[in-house]
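Chemist: Please see the structure below; I have some questions.
Numbering (the numbering used here), first residue to last: -6 to 84.
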């Protein structure tokens, strides 16, 4: 399958370092983040479950919950799945 560009995203790693790069998908279920800032090799695979976003593969990052949540917001906002956007559009 061909990779589909979703958006550019930035997140802060647990150690305070910044990661930035594209988020892509091939199926709109699994999303991939690939850091392009600096020399840090960071690739994440993420999915959204019933209780929110979680890491489903690629580079294991300890204590990455906040980082995954930040990237999930970028995806949700781009796809129109943001609770804030949905609330505003319903009013």
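Note that the Cβ used here is the ideal one computed from N, Cα and C, for glycine as well.
Cα separation between residue 9 and residue 32?
Modeler: Answer to the nearest angstrom: the Cα atoms are 15 Å apart.
Chemist: How many Å lie between residue 44 and residue 59 at the Cα?
Modeler: Roughly 14 Å between the two C-alpha positions.
Chemist: Please report the straight-line C-alpha distance between residue 80 and residue 65, rounded to a whole angstrom.
Modeler: Only weak support exists for where residue 80 lies, its pLDDT of 41 falling under 50; the value from the coordinates is given anyway. Cα to Cα, residue 80 sits roughly 18 Å from residue 65.
Chemist: Take residue 17 as the anchor and find which of 55, 36, 11 has the nearest alpha-carbon.
Modeler: Cα-wise, what sits closest to residue 17 is 36.
Chemist: In whole angstroms, give me the CA-to-CA distance for residue 27 and residue 14.
Modeler: Answer to the nearest angstrom: the Cα atoms are 6 Å apart.
Chemist: Comparing alpha-carbon positions, which option in 63, 41, 21 lies nearest residue 5?
Modeler: Among 63, 41, 21, the Cα nearest to that of residue 5 belongs to 63.
Chemist: Please report the residue range of the alpha helix (DSSP H) in which residue 69 lies.
Modeler: Residue 69 -> alpha helix (DSSP H) spans 58 to 72.
Chemist: By the 10 Å Cβ neighbour count, where 16 or more other Cβ atoms means buried, how is residue 100 classified, buried or exposed?
Modeler: Beyond the ends of the chain as shown, which are -6 and 84, falls residue 100; an answer cannot be given.
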